[in-house]
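Start counting the sequence shown at 1; every next residue gets the next number (the UniProt record's numbering). Where is the CB? At the ideal position from N, CA and C, for every residue including glycine. Fair warning: this is a prediction, and the values are worked out from it, not measured in the lab. Heads up: the structure comes next, in structure tokens.
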Amino acid sequence: MPELVLLNKPYGVICQFSEHDKHPTLKSCIPLPGVYPAGRLDTDSEGLLLLTGDGALQHAIADPRFKLPKTYWVQVEGEPQDAQLEALRQGVDLGDFTTRPAQVRRIDPPGLWPRNPPVRFRKTVPDAWLEIVIHEGKNRQVRRMTAKVGLPTLRLVRVAIGPWRVDGLAPGQWRQETLTLEQLKQVQHAKGIHKRTGQPGLPPKAPPRPGRALRHRTPR
């Protein structure tokens, strides 16, 4: 049965297994051979990363035509105004492309793990937290979006990809679940991802469970 690995990627870890001269790699978190990221997460971002050793699953999760919604908790510098939030919702022209409409709302500061190193704040400038849900995955997209509307990102944590969440995983921890390609297609269908356009549709009444949890590991 194919397996899906859910990792809470720590800040500063680069999304590759081969050695890097400046950053720790995924090898520092996951000792499993033969698994690869299904998508990426920036080195200076934290949170959920999906990995699998099944090529068909990896392709189906990462393929731009079938983008699952990605949920981020974003700490921004400044006091978000209604016009700024609406601009994020409508789509932001980043020069090389315009983002699709996003779901954006302000949230209370979440109870996250401390970041190492800590975020650097300016004492004279307020900060706030936003929840942003996108259906794309362009390079540094969320950071570019918030910067474009005048709300630079201070901290970026991906908390969910489709129905899979980072809940219960400390930085560097991972767990495995069983997942077949057919189950993934059911999840994508329930999430309303159109096979031809990749656009989100209506939300499901009750998304199916992706699979049975198998193991939970903490890196040594």
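For Arg155, the enclosing beta strand (DSSP E) has its first and last residue at Thr153 to Ile161. Assignment of beta strand (DSSP E) within the region 56-126, counting only whole runs of 3 or more residues, yields 70-77 and 103-107 in chain order. The criterion of a C-beta distance shorter than 8 angstroms is not satisfied by Pro69 and His20.
With respect to the C-alpha of Val104, the residue from Pro163, Val133 and Pro31 having the closest C-alpha is Val133.
In summary, Ser45 is buried, with 16 or more beta-carbon neighbours lying within 10 Å of its beta-carbon over all protein chains present. Within the model, the alpha-carbon separation for Ile14 versus Thr43 is close to 5 angstroms. Relative to the Cα of Asn8, the nearest Cα in the group Glu182, Gln176 and Leu181 belongs to Gln176. Annotation for Val5: the continuous beta strand (DSSP E) segment containing it runs Glu3 to Lys9. One thing to note: Leu32 has its Cβ within 8 angstroms of the Cβ of Val5. Contact check for Pro2 against Gly12 fails: the beta carbons are separated by 8 angstroms or more. Closest by C-alpha distance to Val159, out of Arg122, Leu179, Gly111 and Pro118, is Gly111. With respect to Val119, Arg155 sits close: the two C-beta atoms are nearer than 8 angstroms. Secondary structure of Glu46 (DSSP, three-state): strand. The residue from Thr178, Leu184, Gln188 and Trp174 with its alpha-carbon nearest to that of Lys27 is Trp174. Around the beta-carbon of Ile107, fewer than 16 other beta-carbon atoms lie within 10 Å, marking it exposed.
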